[in-house]
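Residue numbers (the working numbering), protein chains in the order written: chain A, 3 to 417; chain B, 3 to 417.
Each residue gets a CB set at the ideal place from its N, CA and C atoms; glycine is no exception.
Just so it is clear, the structure is predicted and the values come from calculations on it, not from any experiment.
Notes follow the structure.
2 protein chains.
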Amino acid sequence: MSELKGNAIFGQSGGPTAVINASAAGVFLEALAHKDVIGTIYGAAHGIRGILEEDFYDISQEDPQEIEYMKTTPSSELGSVRYKLANVEDDDTDYKRLLEVFKKYDIRYFFYNGGNDSMDTCNKISKFMQKSGYECRVMGVPKTIDNDLYGTDHCPGFSSAARYIATATMEVYKDARVYDTGMITVLEVMGRNAGWLTAATALAGAKGCGPDLIYLPEVDFDLEQMLADVKKIFDREKKCIIAVSEGVKTRDGKYIPELVGEVKVDAFGHKQMGGAAAVLAQYLERELKTKVRGIEFSLLQRCAAHCGSKSDVEEACESGREAVRQALAGKTDFMVGVDRVSSKPYQVRYILIPLSEVANTERKIPREWINEAGNGVNQAYIDYALPLIAEDAGQPKEDGLPRFCRLKKIPGRKD
Amino acid sequence: MSELKGNAIFGQSGGPTAVINASAAGVFLEALAHKDVIGTIYGAAHGIRGILEEDFYDISQEDPQEIEYMKTTPSSELGSVRYKLANVEDDDTDYKRLLEVFKKYDIRYFFYNGGNDSMDTCNKISKFMQKSGYECRVMGVPKTIDNDLYGTDHCPGFSSAARYIATATMEVYKDARVYDTGMITVLEVMGRNAGWLTAATALAGAKGCGPDLIYLPEVDFDLEQMLADVKKIFDREKKCIIAVSEGVKTRDGKYIPELVGEVKVDAFGHKQMGGAAAVLAQYLERELKTKVRGIEFSLLQRCAAHCGSKSDVEEACESGREAVRQALAGKTDFMVGVDRVSSKPYQVRYILIPLSEVANTERKIPREWINEAGNGVNQAYIDYALPLIAEDAGQPKEDGLPRFCRLKKIPGRKD
Numbered sequence: 003m004s005e006l007k008g009n010a011i012f013g014q015s016g017g018p019t020a021v022i023n024a025s026a027a028g029v030f031l032e033a034l035a036h037k038d039v040i041g042t043i044y045g046a047a048h049g050i051r052g053i054l055e056e057d058f059y060d061i062s063q064e065d066p067q068e069i070e071y072m073k074t075t076p077s078s079e080l081g082s083v084r085y086k087l088a089n090v091e092d093d094d095t096d097y098k099r100l101l102e103v104f105k106k107y108d109i110r111y112f113f114y115n116g117g118n119d120s121m122d123t124c125n126k127i128s129k130f131m132q133k134s135g136y137e138c139r140v141m142g143v144p145k146t147i148d149n150d151l152y153g154t155d156h157c158p159g160f161s162s163a164a165r166y167i168a169t170a171t172m173e174v175y176k177d178a179r180v181y182d183t184g185m186i187t188v189l190e191v192m193g194r195n196a197g198w199l200t201a202a203t204a205l206a207g208a209k210g211c212g213p214d215l216i217y218l219p220e221v222d223f224d225l226e227q228m229l230a231d232v233k234k235i236f237d238r239e240k241k242c243i244i245a246v247s248e249g250v251k252t253r254d255g256k257y258i259p260e261l262v263g264e265v266k267v268d269a270f271g272h273k274q275m276g277g278a279a280a281v282l283a284q285y286l287e288r289e290l291k292t293k294v295r296g297i298e299f300s301l302l303q304r305c306a307a308h309c310g311s312k313s314d315v316e317e318a319c320e321s322g323r324e325a326v327r328q329a330l331a332g333k334t335d336f337m338v339g340v341d342r343v344s345s346k347p348y349q350v351r352y353i354l355i356p357l358s359e360v361a362n363t364e365r366k367i368p369r370e371w372i373n374e375a376g377n378g379v380n381q382a383y384i385d386y387a388l389p390l391i392a393e394d395a396g397q398p399k400e401d402g403l404p405r406f407c408r409l410k411k412i413p414g415r416k417d
Numbered sequence: 003m004s005e006l007k008g009n010a011i012f013g014q015s016g017g018p019t020a021v022i023n024a025s026a027a028g029v030f031l032e033a034l035a036h037k038d039v040i041g042t043i044y045g046a047a048h049g050i051r052g053i054l055e056e057d058f059y060d061i062s063q064e065d066p067q068e069i070e071y072m073k074t075t076p077s078s079e080l081g082s083v084r085y086k087l088a089n090v091e092d093d094d095t096d097y098k099r100l101l102e103v104f105k106k107y108d109i110r111y112f113f114y115n116g117g118n119d120s121m122d123t124c125n126k127i128s129k130f131m132q133k134s135g136y137e138c139r140v141m142g143v144p145k146t147i148d149n150d151l152y153g154t155d156h157c158p159g160f161s162s163a164a165r166y167i168a169t170a171t172m173e174v175y176k177d178a179r180v181y182d183t184g185m186i187t188v189l190e191v192m193g194r195n196a197g198w199l200t201a202a203t204a205l206a207g208a209k210g211c212g213p214d215l216i217y218l219p220e221v222d223f224d225l226e227q228m229l230a231d232v233k234k235i236f237d238r239e240k241k242c243i244i245a246v247s248e249g250v251k252t253r254d255g256k257y258i259p260e261l262v263g264e265v266k267v268d269a270f271g272h273k274q275m276g277g278a279a280a281v282l283a284q285y286l287e288r289e290l291k292t293k294v295r296g297i298e299f300s301l302l303q304r305c306a307a308h309c310g311s312k313s314d315v316e317e318a319c320e321s322g323r324e325a326v327r328q329a330l331a332g333k334t335d336f337m338v339g340v341d342r343v344s345s346k347p348y349q350v351r352y353i354l355i356p357l358s359e360v361a362n363t364e365r366k367i368p369r370e371w372i373n374e375a376g377n378g379v380n381q382a383y384i385d386y387a388l389p390l391i392a393e394d395a396g397q398p399k400e401d402g403l404p405r406f407c408r409l410k411k412i413p414g415r416k417d
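As structure tokens, this is what we get:
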């Protein structure tokens, strides 16, 4: 394989996670270790938009210790973006502009960190560069709390979010039992089309402090059936905790909030979720004449690095490093994936999955991991998820609060 | 001081905290260490209601290791209650019943763990026992995330809640900056009449990741002034984070949710809070034509033992122990308080405050700790609160999740 000398750029796309910066750190640290091949590693501000606008940072000027701190700094330190590239046949403006920027900065390595949409973006860019005869190696680094990427055992970001959700659910369980009056609690968890995160509430259940009912997007939602499920438990125990995915929908495609109002649509044409807990709480309060509390984990669940999973931080970082190593070895058009070698002891290895296979494919919870009634998960899910949250990431603290990274963000732009 | 032999009972009242069980553990461990005087220590199920109904547990039959685990188990393991005793002149039924139960079980020590209302309950019971000629020593153990108890530097429960709120605020801050589009975030924090917890968001600010504006119940709320404050910051930065106490109200006593709907009232005649973030988010979105996210920390903030403060756990436990020690030494009708000897290094000692002084008195943030505009706190608050959250409580884990106590709860009832 011919050695390809030049510069590299890394960008982040889509919603943040607790460990997306750990992937950035992995890419940066590995690239900086190969200065003989990768002259400069740039970090794009707000993903693809930063590249289009030549808004990026020269990472070689950062303090290596601050790059270390990135590993436990949540959200997206460089900034993210939700920007959908047009199909090249419809409009190639952005693609031409990207090629122009890549040529200007001699970008020969492009690393992009994101979910399904981002892998699609990667794939389109790579194809255009190849067609244009511009040699550039493109590697995807997986990221999503939703855990719905094809071909990987799990996705960096998921384990930390699951760890927080399971922990918070245990705490809510204790809180919901403090009075001996009737109480129903509805927990709303993120996850558009896959219920991996919502199912993480079952990990709390494995410790005796979980929800009674779990509703996932994998199963058609039936409001009346749910009411019957809740009533049965509530009549017996005076308590009921329900975990519901924001993405739960009826057989004819209606999301819970749609039962009472309008739903917004984002730049990718996805319906904007959220509000299911509040709507369900109102509904159950009316139907069952008892106090119902709706709790939306909201974005607390996706950036809870203080409760991060150690393996998640390591895998996020290592996925970034692996992307660089493989690109240097001549690979292109792959996403790095995690393959679980063993659960006891927990061991993984890194694999490559063709971008074309990942792009826009969603991986859902297998139906056989969901109980027959469709309102809970079984031991197979627990066995899958519990090893992912076993250890704390050990985030460094300062005065008892998270010590986040402090980047200098020195512009890499040439005028 | 004459030695008073007999049994003891401990109960919990009001909303849960991350460390209310640590106080229970303190009372239990100290009482169990004095079996020569305190024959049996009972734990009342659901506070005063458990005593009235002879529903309590014999703590001496619990595994001491499980009592240790109580220290980092959130919420109220025995169960709590919101039950308001009538004034004895109006109706002495409950008082007579309590005396009957105390006599039946030879209860000579009554420890009650709660906030202002609970200290009022303690005080009323003690007065009645004295008037009836029944010797019983009554001690209050402080508890409230609201931090509004009179006479103590701070209240067990506050520091852990503050630590979680500051940490979560830092994470939200990072998340809110992930896109370069306009974004306003409204954080709603608990606190009915005192802003101590809402002000804890300023600790995140001390680390460069805090809210731009903080609205506290101590300052009359003015919706138009808030809009002007937000607009000024948003126009300049395209981002604005607002922390608002659920208890914020206008000069004429209107809470934020009252601007759009009905407000419920609890058993103590307190208006039920919550919903301020959602209401404000709607209002700001309409007025400023930008995306506004409302986040209610909800009950996640009061039971977040996974992010607990070490000093909080220690002080909650020690307050319980001190209550027992002082009662054994002959004291009655006091609440244990925390006096801060020094902030650097952080050191406290325990003091006694007469119940009559604590009952129904609320301690608020001094006006001089709040900035002139009334939309933030100054360094005096930071210097006060930062030492309280310096160390993590180090909650024991099992499979990466909290290891909560598992009590046997053997009934102590005699029939």
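Under 8 Å: do the stretch 396-416 of chain A and the stretch 44-56 of chain B share three or more Cβ pairs, one atom per stretch?
Because the criterion of three Cβ pairs below 8 Å is not met, the stretch 396-416 of chain A and the stretch 44-56 of chain B do not touch.
Determine the burial state of B:E264: buried for a count of at least 16 other Cβ atoms within 10 Å of its Cβ, exposed for fewer.
As a working mapping, residue 264 of chain B is identified with position 262 in the second sequence. Low confidence applies to B:E264: its pLDDT is 46, below 50, so where it sits in the model is not reliable, and the reading given next is rough at best. B:E264 comes out exposed.
So that I know if they touch, is there some Cβ in chain A lying closer than 8 Å to that of B:T169?
For the purposes of this step, residue 169 of chain B is taken as the residue at position 167 of the second sequence. For B:T169, the answer is yes, since a Cβ of chain A falls inside 8 Å of its Cβ.
When we look at the beta-carbon of B:P144 and count the other beta-carbons within 10 Å, is it buried (16 or more) or exposed?
As a position in the second sequence, residue 144 of chain B is number 142, starting the count at 1. The residue is buried, with at least 16 neighbouring Cβ atoms inside 10 Å.
Mind listing which residues of the stretch 203-223 of chain A have their C-beta closer than 9 Å to chain B's C-betas, in chain order?
So the close ones are L205, A206, A208, K209, G210 and C211.
The alpha helix (DSSP H) spanning A:P66 covers which residue range?
By one-based count along the first sequence, residue 66 of chain A stands at place 64. That run of the alpha helix (DSSP H) goes P66 to M72.
Would you check whether the ligand NAD has a heavy atom nearer than 7 Å to the C-beta of B:V39?
No copy of the ligand NAD appears in this structure; indeed no ligand is present at all.
So which residues on chain A does B:D177 lean against when the C-beta distance must stay under 8 Å?
Start at 1 with the first residue of the second sequence, and residue 177 of chain B comes out as number 175. Residues of chain A passing the Cβ test: P18, P76, S77, L301, R304 and C305.
Give the secondary structure of A:S344 by DSSP, where H, G and I count as helix, E and B as strand, and everything else as coil.
One-based indexing of the first sequence puts residue 344 of chain A at position 342. Correct three-state label for A:S344: strand.
By the 10 Å Cβ neighbour count, where 16 or more other Cβ atoms means buried, how is B:R323 classified, buried or exposed?
Counting from 1 along the second sequence, the entry for residue 323 of chain B is found at position 321. B:R323 is buried by the Cβ-count criterion.
Since B:A318 and B:G28 are thought to touch, with beta carbons under 8 Å apart, how far apart are those beta carbons, to the nearest angstrom?
To locate residue 318 of chain B, count along the second sequence from 1; it is residue 316. To locate residue 28 of chain B, count along the second sequence from 1; it is residue 26. The pair is a contact, with the Cβ atoms about 7 Å apart (cut-off 8 Å).
Give the residues of chain A in contact with B:F406, contact being defined as C-beta atoms less than 9 Å apart.
Translated into positions along the second sequence, residue 406 of chain B becomes position 404. Ordered by position in chain A, the residues that pass the 9 Å Cβ test against B:F406 are M172, K176, K209, G210 and C211.
So B:R165 contacts chain A; which residues on that side make the cut at Cβ distance below 9 Å?
Your numbering for residue 165 of chain B matches position 163 in the second sequence. The contacting residues are G402 and L403.
Measuring CB atoms only, is the stretch 209-217 of chain A touching the stretch 368-381 of chain A, in the sense that at least three cross pairs come out at less than 8 Å?
The answer is yes - the stretch 368-381 of chain A touches the stretch 209-217 of chain A, with three or more Cβ pairs under 8 Å.
Pop quiz: A:F160 and A:A10 are said to be a contact at Cβ under 8 Å. What is the actual Cβ separation, rounded to whole angstroms?
If you number the first sequence from 1, residue 160 of chain A lands on position 158. If you number the first sequence from 1, residue 10 of chain A lands on position 8. Between A:A10 and A:F160 the Cβ distance is about 26 Å, and since that is not below 8 Å, they are no contact.
DSSP three-state label for A:V246, please.
As a working note, residue 246 of chain A is residue 244 in the first sequence. Looking at A:V246 - three-state DSSP - the assignment turns out to be strand.
Write down the C-beta distance between B:V103 and B:K126 rounded to the nearest angstrom, noting that I regard them as a contact closer than 8 Å.
Working through the second sequence from its first residue, we reach residue 103 of chain B at position 101. Working through the second sequence from its first residue, we reach residue 126 of chain B at position 124. Not confirmed; about 16 Å, so no contact.
Give me the subset of the stretch 81-98 of chain B whose CB atoms are less than 9 Å from a CB atom of chain A, sorted by chain position.
Within the stretch 81-98 of chain B, the qualifying residues are G81, S82, V83 and R84.
Just to confirm the assignment, what range does the beta strand (DSSP E) spanning A:V315 have?
Taking the first sequence and counting its residues from 1, the one referred to as residue 315 of chain A is at position 313. Note, A:V315: premise wrong, no beta strand (DSSP E); alpha helix (DSSP H) at K312 to L330.
Go ahead and pull the three-state DSSP assignment for B:L151.
If you number the second sequence from 1, residue 151 of chain B lands on position 149. DSSP places B:L151 in strand when its eight states are reduced to three.
First and last residue of the alpha helix (DSSP H) that includes A:F130?
As a working note, residue 130 of chain A is residue 128 in the first sequence. From DSSP, the alpha helix (DSSP H) with A:F130 extends over N118 to K133.
Give the straight-line distance between the Cα atoms of B:S247 and B:K333, rounded to the nearest whole angstrom.
The residue labelled residue 247 of chain B in the question sits at position 245 within the second sequence. The residue labelled residue 333 of chain B in the question sits at position 331 within the second sequence. Rounded to whole angstroms, B:S247 to B:K333 spans 37 Å at the Cα level.
So is A:H36 in contact with chain B if we call contact Cβ pairs under 8 Å?
By 1-based counting over the first sequence, the position of residue 36 of chain A is 34. No, no contact with chain B.
At the level of alpha carbons, what is the spacing between A:K106 and A:Y152?
Counting from one through the first sequence, the residue named residue 106 of chain A turns up at place 104. Counting from one through the first sequence, the residue named residue 152 of chain A turns up at place 150. Taking the straight line from one Cα to the other gives about 34 Å.
Answer yes or no: does any C-beta atom of chain A fall closer than 8 Å to that of B:A283?
Walking along the second sequence from the start, residue 283 of chain B turns up at place 281. Chain A, which has no Cβ nearer than 8 Å to the Cβ of B:A283, makes this no.
Would DSSP call A:E190 helix, strand or coil?
On the first sequence, position 188 is the one that residue 190 of chain A refers to. In this structure, A:E190 counts as strand in the three-state DSSP scheme.
Can you tell me whether DSSP reads B:G414 as helix, strand or coil?
Position 412 of the second sequence, counted from the first residue, corresponds to residue 414 of chain B. B:G414: coil per DSSP, three-state reduction.
Can you find a CB in chain A that lies within less than 8 Å of the CB of B:M275?
Sequence index remark: in the second sequence, residue 275 of chain B carries index 273 (1-based). Residue confidence for B:M275 is low, a pLDDT of 49 falling below 50, so the modelled location carries little weight; the figure read from the coordinates is stated next. False, the Cβ-Cβ gap to chain A never drops below 8 Å.
Please list the residues of the stretch 380-395 of chain B that have a C-beta atom closer than 8 Å to any C-beta atom in chain A, keeping them in chain order.
Answer in chain order: L388, I391, A392, E393 and D394.
With a threshold of 8 Å between beta carbons, is A:C319 in contact with chain B?
The sequence position of residue 319 of chain A within the first sequence is 317, counting from 1. Judged by the 8 Å Cβ criterion, A:C319 is not in contact with chain B.
Should B:A88 go down as buried or exposed, given a rule of 16 or more other Cβ atoms within 10 Å for buried?
Position 86 of the second sequence, counting from 1, holds the residue named residue 88 of chain B. So B:A88 ends up on the exposed side.
Output needed in chain order: residues of the stretch 61-72 of chain A with a Cβ under 9 Å from some Cβ in chain B.
The stretch 61-72 of chain A vs chain B, Cβ under 9 Å: nothing.
Tell me the residue span of the alpha helix (DSSP H) that contains A:L2.
This structure leaves residue 2 of chain A out entirely; chain A is present only between 3 and 417.
Does DSSP classify B:A46 as helix, strand or coil?
Start at 1 with the first residue of the second sequence, and residue 46 of chain B comes out as number 44. Three-state result, B:A46: strand.
If you compare alpha carbons, which of A:V343, A:S15, A:I384 and A:Q67 is closest to A:T203?
The residue you call residue 203 of chain A lines up with position 201 of the first sequence. Looking at the Cα atoms, A:I384 is the closest of the given residues.
In chain order, what residues of the same chain have a beta carbon less than 7 Å from the beta carbon of A:A178, not counting five sequence neighbours either side?
Residue numbering aside, residue 178 of chain A sits at position 176 when the first sequence is read from its first letter. Excluding residues within five positions, the ones whose Cβ falls inside 7 Å are M185, T187, K241 and I243.
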